[in-house]
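Residue numbers (my numbering): 22 to 337.
The beta-carbon is built from N, C-alpha and C at its ideal position, and this holds for glycine as well.
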């Protein structure tokens, strides 16, 4: 809460204090795990024996990194501007460098954590979630001090995300409701988050999966469309059709993840949508929807140009 109440210093707080501390704690655990592995790497659980990549892709929804990027983007850009970048090119260059560094570090961390989980199965068994794996591994290596290390690591790791998220959300709602003070919104969000956090990781995942299954594909498609924005000249119909088709499919996927199966729809999707069986049936419809949207925009443009041309002829 204290960090979130100082939005002007958020980048320095996260970048110069919290992130180095977080990486240090994770580094200690990872280095020890590599030097003294708990056991040999074991075969994956049944859910990952086939289509492991696609299963992992969907499990990645739970990180919410993509959704967070929408929230944090403006904070990062404003921070870059404050550091001296003025032109669009300068901002893009800094963003690209930061992206490469962040992606590389995340890849190393996730790979290391995956190794720890796979090599710990022989002695610790299959655990319910990643939080339990970290807790058991920390306790195995450091005994009672492992809980302290893990507690510090998770506290700092969560702070780096929660500080930015609370700050961004508070700024958004303050602009939406100017009469409500920024600090009041930030405090309310912190209290609400503290209450929700106490339901437990497993329960949070159970509640989050259906929602994320429904909205995550929309975020992914929107990002990819943004990359190709100039290619299709930013025509609104491309966004509208592609995102609408994606939402229809992902909505039913979300309902299915929540245990609400619409049997007829599920059968149709499984039969006609490529990769639907691995939960990615929205990809090809999103692409096709983009092309259909582009075609609609071209037809609209022709219909607008034709009457104008006829009018000019009459005037001439």
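Item	Value
Taking all protein chains shown into account, decide if residue 159 is buried (16 or more other Cβ within 10 angstroms of its Cβ) or exposed.	buried
In the structure shown, what three-state DSSP assignment does residue 234 receive?	helix
Quick one: residues in its chain with C-beta nearer than 7 Å to the C-beta of residue 264, no 5 flanking neighbours on either side, listed in chain order?	239, 242, 243
Report the rounded CA-to-CA distance for residue 193 versus residue 38, giving the unit in angstroms.	25 Å
For residue 270, count the other beta carbons within 10 Å of its own beta carbon; 16 or more makes it buried, fewer makes it exposed. Which is it?	buried
Mapping the DSSP letters down to three states, classify residue 195 as helix, strand or coil.	helix
Can the beta-carbon of residue 276 be found less than 8 Å from the beta-carbon of residue 283?	yes
What did DSSP end up calling residue 70 once you bin it into helix, strand or coil?	coil
Whose CA, out of 58, 122, 198, 72, lies closest to the CA of residue 18?	Residue 18 cannot be examined here, being either before or after the span of the chain that is shown, 22 to 337.
Compare the Cα-Cα distances from residue 298 to each of 315, 314, 278 and report the closest residue.	278
Within this structure, are the beta carbons of residue 214 and residue 191 separated by less than 8 Å?	no
Along the alpha helix (DSSP H) that carries residue 133, what are the first and last residues, could you check?	109–145
Reducing DSSP to helix, strand and coil, say where residue 257 ends up.	helix
Is there contact between the segment 56–63 and the segment 122–142, where contact requires at least three CB pairs shorter than 8 Å?	yes
So, are the CB atoms of residue 186 and residue 89 less than 8 Å apart?	yes
For my contact list, residue 259 and residue 268 are in at a C-beta cut-off of 8 Å; report their separation, rounded to the angstrom.	15 Å between Cβ atoms; not a contact.
Of the choices 83, 65, 312, 119, whose alpha-carbon is the least far from that of residue 250?	312
At what residues does the alpha helix (DSSP H) containing residue 55 begin and finish?	40–56
Rounded to whole angstroms, what's the CA-CA distance from residue 230 to residue 262? Just pull it up for me.	25 Å
Count the other CB atoms, across all protein chains shown, that sit within 10 Å of the CB of residue 206; report buried if there are 16 or more and exposed otherwise.	buried
In three-state DSSP terms, what is residue 281?	coil
Would you call the CB atoms of residue 178 and residue 43 closer than 8 Å?	yes
Could you give the residue range of the alpha helix (DSSP H) that holds residue 163?	151–163
Spatial neighbours of residue 108 within its chain, please: C-beta separation below 8 Å, excluding the five flanking residues on both sides.	none
Taking a contact to mean a Cβ-Cβ separation below 8 Å, would you say residue 305 touches residue 286 in this structure?	no
Measure the C-alpha to C-alpha separation of residue 292 and residue 302 and round it to an integer number of angstroms.	10 Å
List the endpoints of the continuous alpha helix (DSSP H) containing residue 99.	86–103
Measure the beta-carbon distance from residue 10 to residue 137 and round it to whole angstroms, keeping in mind my assumption that it falls under 8 Å.	The structure shown does not extend to residue 10, since the chain is modelled only from 22 through 337, so no value can be given for it.
Under the three-state reduction of DSSP, which class applies to residue 306: helix, strand or coil?	helix
Taking the CB atoms as reference points, tell me whether residue 152 and residue 222 lie closer together than 8 Å.	yes
DSSP three-state label for residue 62, please.	coil
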